[in-house]
Amino acid sequence: MAKILIAPSVLAADFANLQRDIEMINHSDANWFHIDIMDGVFVPNISFGMPVLRDIATHATKTLDVHLMIVDPDRYIQTFADLGSSILTVHFEACTHLHRTLQAIKAAGMKAGVALNPHTNISLLEDVIQDIDLVCIMSVNPGFGGQSFIENTYDKVIALKELIDRKKVNTLIEIDGGVTNKNAKQLVDAGANVLVAGSYVFKSEDPVNTIKNLKEMVS
Ligand code: DX5
Ligand code: ZN
């Protein structure tokens with residue numbers, strides 16, 4: 467079976483003990499750090515910005531997977547590259563010239579991701595999938611951690627996997643929002659490669675063990 471990547475979402479960490487939580491992920495079986503940047507305009511919440519990401523990057527020893535929930539992301543591509551992002555994901559709904567944005571992300575030396583809101587159909591990626599390194603399927607409405615998983619996500623994963631296979635590309639499928647041990651296996655069976663998990667990991671009693679169990683369950 468293909469290797470499944472686990473990406474804990476730092477949004478659910480304890481910000482008063484951020485270094486401790488970053489080091490916990492460093493020492494766990496997690497593969498990536500998922501970093502949620504919210505601007506209070508594209509989504510109805512503000513998370514954190516560049517100074518916090520800089521400090522995360524100082525301590526993190528794994529890939530930084532940055533999810534921009536902001537309008538006009540083109541303005542900050544170089545900034546996020548300079549801060550150490552390896553993957554930069556923009557929202558389909560926030561990009562008027564998505565193809566251009568993806569080229570700019572790659573030109574800055576990062577992998578290019580596209581996130582889809584729950585209402586955005588997979589078929590809209592038909593003409594751009596070959597330029598996308600990762601598609602992040604939102605399984606909640608973006609803006610907050612701790613929401614419940616939207617069941618229609620399984621059908622979207624299947625549709626995206628079909629598109630990726632048909633176009634013969636290597637795009638990764640990431641699932642973001644409400645991921646737990648209840649839906650992880652079915653998501654991976656449908657074609658998911660990367661599972662983001664915020665509250666499920668950080669609000670558990672033993673996050674290192676939760677990550678380990680989640681990974682074992684899908685491997
Ligand atoms: C939602 C964010 C998610 C969130 C996931 O807008 O993009 O990454 O942190 O958190 P959980 O796993 O708690 O739904
Ligand atoms: Zn996210």
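Read left to right, the sequence shown gives residues 467 to 685 (our numbering).
Even glycine gets a Cβ: it sits at the ideal position worked out from N, Cα and C.
Keep in mind that this is a model prediction, so the values were computed, not measured.
Apart from sequence neighbours up to five positions away, the residues of its chain that approach T646 with a beta-carbon distance below 6 Å are Y666, ordered along the chain.
For T567, there is no enclosing beta strand (DSSP E); the residue is found in the alpha helix (DSSP H) stretching over L564 to A573.
D621 sits exposed, since fewer than 16 C-beta atoms from the chains shown fall within 10 Å of its C-beta. Secondary structure within the region 520 to 598: the beta strand (DSSP E) runs of 3 or more consecutive residues, fully enclosed, are 529 to 535, 553 to 557 and 577 to 582 (chain order). Between V623 and A656, the C-beta spacing is below 9 Å. E671 and I677 have their alpha carbons spaced roughly 11 Å apart. Of the other Cβ atoms in all chains shown, 16 or more fall within 10 Å of the Cβ of E640; this residue is therefore buried. Pairing D531 with D642, the inter-Cα distance amounts to about 12 Å. The nearest non-hydrogen atom of the ligand ZN is 8 Å or more from the C-beta of G579.
Taking each of Q596, M490 and I603 in turn and checking the Cα distance to T555, the smallest one comes out for I603.
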